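Just so we're aligned, residue 3 is where the sequence shown starts under this note's numbering, counting upward by one.
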Amino acid sequence: MSTTPPRRPTPEELVEHLAHVGRALWAATHLGDPTPAVARLRDRMDQPRPGDLVMEVTQFAADAFDPDSVGRLVRIEQWSGWPTRSVIEPLLRPGEQRDGLDVSLIALPDQPSYAHWTEQAL
């Protein structure tokens with residue numbers, strides 16, 4: 003009996019899957035009256051910080067997924083009277099930077115213990 007090994011997903015497909023799981027986790031934390039642990043996770047995801055693994059949710063509702071919308075948050079720039087500028091290093095393009103004005107980002111837990119991740123000092 004011969005079996006064909008499953009097709010290996012491309013890096014882009016893996017990043018898209020990560021984004022879908024991240025979006026589902028984020029949405030689930032916003033339902034109903036969450037427990038304190040879930041509320042901490044929600045609040046932490048809603049307040050990305052430089053160094054966090056993030057994904058842009060501004061365009062996520064569109065059918066076309068952009069793998070460069072997932073990466074490390076390099077910095078957030080805010081000047082009075084100007085839109086907030088977020089700079090991301092895409093996960094699949096180390097060393098490159100992408101920026102956007104007034105984009106909506108969520109942080110994704112990237113540690114074995116999400117509880118520890120939510121408790122890190124600001």
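Built from N, CA and C at the ideal position, the CB exists for glycine as well. Computed from a predicted structure; not experimentally measured.
So what does DSSP say about residue i, is it helix, strand or coil?
{"i": "residue 94", "result": "coil"}
{"i": "residue 89", "result": "strand"}
{"i": "residue 109", "result": "strand"}
{"i": "residue 59", "result": "coil"}
{"i": "residue 70", "result": "helix"}
{"i": "residue 10", "result": "coil"}
{"i": "residue 77", "result": "strand"}
{"i": "residue 52", "result": "coil"}
Look at the Cβ atom of residue i, then the Cβ atom of residue j, and state whether they are nearer than 8 Å.
{"i": "residue 60", "j": "residue 105", "result": "yes"}
{"i": "residue 17", "j": "residue 69", "result": "yes"}
{"i": "residue 55", "j": "residue 109", "result": "yes"}
{"i": "residue 93", "j": "residue 72", "result": "yes"}
{"i": "residue 117", "j": "residue 41", "result": "no"}
If you follow the alpha helix (DSSP H) that residue i is part of, which residue opens it and which one closes it?
{"i": "residue 27", "result": "13-31"}
{"i": "residue 119", "result": "116-121"}
{"i": "residue 45", "result": "38-47"}
Contact check, residue i vs residue j under 8 Å by CB: the rounded distance?
{"i": "residue 107", "j": "residue 50", "result": "5 Å"}
{"i": "residue 77", "j": "residue 91", "result": "The Cβ separation is near 10 Å, so there is no contact."}
Mind checking which residues open and close the beta strand (DSSP E) that includes residue i?
{"i": "residue 101", "result": "100-103"}
**Report entry** Contact between the segment 38-49 and the segment 90-98 (3+ Cβ pairs under 8 Å)
**Finding:** no
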